[in-house]
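Below is one structure, written out as structure tokens; comments come after it.
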Amino acid sequence: MNESRERFFWVIALTLSITAHAAFVLLMPGAAVKPEIKPIMRVRLAMAEKKIAPAPVPIREEVPAEKKAVPKKETVTKKQPQKKAEPVKAVKTTPEKAPVQEVQAVAGTADSEAGTPVNATNDAVLTDNLPALPHQARPERVVELDTLEVVKKVLPDYSSFSRKRKEEGTVKIIATVTDGRVVNAEIESSSGFQRLDESALRAVRQWLFKNNGTVRVRVPVTFRLK
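In structure tokens form, the structure reads like this:
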């Protein structure tokens with residue numbers, strides 16, 4: 233019993249002592265509880281570095297290499313020298329019958345009333361050397377071919393040279409006839425080709441007519457390809 237009382241006594245004494253000390257500490261002016269100073273953490277935000285985008289690499293457009301223009305080879309065409317028409321020699325030749333395919337020259341429209349065949353000779357006796365009438369003696373009036381009687385009609389030479397070049401046309405010739413012979417012949421209108429005109433003149437100068445005195449007659453000579 234005594235021991236329990238002692239224990240109880242010491243417990244109360246210890247409790248009172250602790251309470252007194254606590255009150256003393258609390259009541260002291262300097263014994264105020266200091267606020268707990270929290271450590272200040274300085275936070276430094278690091279600025280994120282701006283990523284500088286690399287400059288775009290310029291894209292080189294591939295320009296196709298220009299093809300060198302190959303110079304065209306100029307085709308040089310050799311011009312064949314044009315054959316000169318050989319002068320017709322004044323030689324009598326036997327008339328040849330032209331085949332159907334060949335071209336015939338049609339001279340005038342009047343037929344020979346005397347029944348004389350038309351001779352298609354290359355050349356006969358030309359009348360270049362016949363004396364021409366003076367200008368005053370020529371009749372001014374020109375008659376048509378069908379008003380005179382033709383005794384001899386000579387077809388002009390239609391050369392193969394002209395036929396190959398398809399030369400066609402009608403030559404109108406004014407012939408001066410004295411006592412049936414052509415003493416002068418001149419071109420009134422051309423065929424458009426000198427070779428045909430000259431051939432027609434040579435042929436008409438060989439014509440013979442049945443008439444007396446002097447008369448001028450219009451003789452059309454046609455060159456036509458069949």
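For the sequence shown, my numbering begins at 233 and goes up steadily by one.
Glycine included, C-beta positions come from ideal geometry on N, C-alpha and C.
Here the structure is a predicted model, which is why all the values come from computation and not from measurement.
State yes or no: is the C-beta of LEU428 within less than 8 Å of the C-beta of PHE455?
-> Numbered from 1 along the sequence shown, position 196 holds the residue referred to as residue 428. Numbered from 1 along the sequence shown, position 223 holds the residue referred to as residue 455. Judged by their CB atoms, LEU428 and PHE455 are nearer to each other than the 8 Å cut-off.
Is PHE240 buried or exposed, if buried means 16 or more other CB atoms sit within 10 Å of its CB?
-> Position 8 of the sequence shown, counted from the first residue, corresponds to residue 240. Here PHE240 is exposed, its C-beta having fewer than 16 other C-beta atoms within 10 Å.
PRO452 bridges to which residues according to DSSP?
-> As a working note, residue 452 is residue 220 in the sequence shown. Answer by DSSP bridge pairing, in chain order: LYS404.
Would you call the segment 393-403 and the segment 415-430 in contact, with 3 or more CB pairs under 8 Å?
-> Contact annotation: the segment 393-403 touches the segment 415-430, with at least three C-beta pairs closer than 8 Å.
Identify which residue in ARG237, LEU248, LEU377 has its Cα closest to the Cα of PRO452.
-> Mapped onto the sequence shown, residue 452 falls at position 220. Ranking the options by Cα distance to PRO452, first place goes to LEU377.
Burial state of SER394 (16 or more Cβ within 10 Å) = Here the question's residue 394 lines up with position 162 in the sequence shown. Buried, because 16 or more other Cβ atoms sit within 10 Å of the Cβ of SER394.
Take the Cβ of ARG437 as the centre, count every other Cβ of all protein chains shown within 10 Å, and call the residue buried at 16 or more, exposed below.
-> Within the sequence shown, the letter at position 205 stands for residue 437. Residue environment for ARG437: buried (at least 16 other C-beta atoms within 10 angstroms of its C-beta).
Could you pull the start and end residues of the beta strand (DSSP E) that VAL436 belongs to?
-> Position 204 of the sequence shown, counted from the start, is the residue given in the question as residue 436. No beta strand (DSSP E) contains VAL436, which is instead part of the alpha helix (DSSP H) from 426-436.
Cross-strand partners of VAL414 (DSSP beta bridge) = Sequence index remark: in the sequence shown, residue 414 carries index 182 (1-based). Answer by DSSP bridge pairing, in chain order: VAL409.
Rounded to whole angstroms, what's the CA-CA distance from SER422 to PHE441? Just pull it up for me.
-> Start at 1 with the first residue of the sequence shown, and residue 422 comes out as number 190. Start at 1 with the first residue of the sequence shown, and residue 441 comes out as number 209. Between SER422 and PHE441, the alpha-carbon positions lie close to 23 Å from each other.
When we look at the beta-carbon of THR251 and count the other beta-carbons within 10 Å, is it buried (16 or more) or exposed?
-> Your numbering for residue 251 matches position 19 in the sequence shown. THR251 is exposed by the Cβ-count criterion.
Could you tell me the boundaries of the alpha helix (DSSP H) in which LYS384 lies?
-> Here residue 384 refers to the residue found at position 152 of the sequence shown. Segment 381-384 is the beta strand (DSSP E) holding LYS384; no alpha helix (DSSP H) there.
From which residue to which residue does the alpha helix (DSSP H) around LYS398 run?
-> In the sequence shown, the residue the question calls residue 398 occupies position 166. Per DSSP, LYS398 lies in no alpha helix (DSSP H) segment and is marked neither H nor E.
Residues bridged to LEU440 [DSSP beta-bridge criterion] | Taking the first residue of the sequence shown as 1, we reach residue 440 at position 208. Note: LEU440 sits in a beta bridge opposite LYS384, ARG413.
Beta-carbon contacts of GLU418 that lie in its chain and below 6 Å, excluding the five residues immediately before and after | Your numbering for residue 418 matches position 186 in the sequence shown. For GLU418, where only same-chain residues beyond five positions count, the Cβ hits under 6 Å are ILE406.
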